[in-house]
Amino acid sequence: MIKRILVCLGGTPYTTVAIQRAVGLAKRFEAEITGVTVIDVSRLFMVGAMGGERAAHDMASRILLTKERIGEAISTFEAACTAEGIKYQVKQEDEEDPFDLMISLARYHDLMIFGLRSIFEYGISPEEPRDTLARLITAGVRPIIAVSDKFRTIQKVLIAYSGSMESAKTMKRFVQLRLWPDVKLKIVTFQSSEDKTHQLLYDASEYCRAHGFHVESDSNPGSPKDFLLPMATLWQADMIVLGNSARTLLMKRVIGETALHIIRHADRPLFLCQ
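At position 92 of the sequence shown (counting the first as 1) the number is 78 in my numbering, and the numbers step up by one without a gap.
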């Protein structure tokens, strides 16, 4: 059951959609929302100052714009929660690293929502995007909904399933949360063995059907990096459930090539529970 939702207020084009998604789920589950800002302005200013006078001036201008956008995001968030009668609070970084703050807050929230590529496209983060995402996921921030820049009504969900224990955990978590109980599911796997593919899809589909979901399944012998997004587009999926593969995704604190590719190029929201 969802009772506490954490949403990132980064002031990016994704923020409005993240707020809309959080408010919709909070209303359905009678949950409360914590909005957290995600830009460490003081650290950014120090980074800009190290680049010389011109770089410092450019960074100062971007920081000012960032502050304005975050202020607008907070106002939008507060207005949206107030309009729906949802209990909320706002947390802003002070001296604390904003991602450390998010990790700390995630301990006491059931779901985290942020922009799909906001950490890649903001252009002023002093941290590598790969490191940022790894910090969130490997610190135990889960489950995560990474929203796209356009709001989608969730009616069809594609589940990428490798058969690994972590992939199964992600699928089970999505099913058990029942965020959208009436959605149609399609489970896809990427295996070279036809016998293994048949058994994986049968077992996963039966699990989802036991929870009352309508399920389709499909397989592809190719690479998920090459074919997962085209399959999602062809089926017109509104969301992709993406879990770990024992070989290609999370290894210790490193985000694997496939996962990072999907996050960087997906045009629809992801459910992540690494």
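A virtual CB, placed ideally from N, CA and C, is assigned to each residue, including glycine.
- Pro167 counts as exposed, since fewer than 16 other C-beta atoms from the protein chains shown sit within 10 angstroms of its C-beta.
- Ala196 is not bridged by DSSP to any residue.
- Using a Cβ-Cβ distance cut-off of 8 Å, the segment -3 to 7 and the segment 88 to 107 are in contact, since at least three pairs of beta carbons, one from each stretch, lie closer than that value.
- When secondary structure is reduced to three states using DSSP, Ala146 falls in the strand class.
- Sorting Glu152, Leu51, Gln141 and Ala66 by C-alpha distance to the C-alpha of Thr124 places Glu152 at the top.
- Gly(-3) has its alpha-carbon roughly 8 Å from the corresponding atom of Gly57.
- By the Cβ rule, the segment 204 to 212 counts as touching the segment 163 to 178, because three or more pairs are nearer than 8 Å.
- The shortest CA-to-CA distance from Ala69 to any of Ala92, Gly10 and Ile89 is the one to Gly10.
- In the structure shown, Asp135 adopts coil according to DSSP, grouped into three states.
- When the five nearest sequence neighbours on each side are left out, the beta carbons in the same chain lying within less than 6 Å of the beta carbon of Leu186 are those of Gly149 and Thr175, in order along the chain.
- Beta-bridge annotation (DSSP): Leu258 is paired with Ile130 and Leu228.
- Lys142 is positioned such that its CB atom lies no closer than 8 Å to that of Ala12.
- Pairing Arg254 with Met217 gives a Cβ-Cβ distance that is not under 8 Å.
- Burial is judged here by how many other beta carbons sit within 10 angstroms of a residue's own beta carbon; Ser47 has fewer than 16 and is exposed.
- If you check the CB distance, Leu228 and Ala154 do not come in under 8 Å.
- Burial is judged here by how many other beta carbons sit within 10 angstroms of a residue's own beta carbon; Gly208 has fewer than 16 and is exposed.
- Close CB contacts of Ser134 within its chain, under the 8 Å cut and outside five residues either way in sequence, are with Tyr0, Val3, Leu102, Ala252, Asp253, Arg254 and Pro255 (chain order).
- Per DSSP, Gln78 is not a residue of any alpha helix (DSSP H), being assigned neither H nor E.
- Distance from the Cα of Val24 is smallest, within the candidate group Cys67, Ser90, Met(-13) and Arg138, for Ser90.
- When the five nearest sequence neighbours on each side are left out, the beta carbons in the same chain lying within less than 7 Å of the beta carbon of Met157 are those of Ile145, Tyr147, Ala190, Val227 and Gly229, in order along the chain.
- Leu(-8) and Ala92 do touch by the CB rule: their CB atoms are close to 6 Å apart, below 8 Å.
- Within its own chain, the residues whose Cβ lies closer than 7 Å to the Cβ of Lys73, once the five positions on either side in sequence are excluded, are Glu18, listed in chain order.
- Closest in alpha carbon position to Asp83, among Phe63, Ser61 and Leu122, is Leu122.
- For Ile249, the enclosing alpha helix (DSSP H) starts and ends at Glu243 to His251.
- Residue burial is scored here from C-beta neighbours: His197 has fewer than 16 other C-beta atoms within 10 angstroms and is therefore classed as exposed.
- Counting the other CB atoms within 10 Å of its CB gives His200 a total below 16, which places it among the exposed residues.
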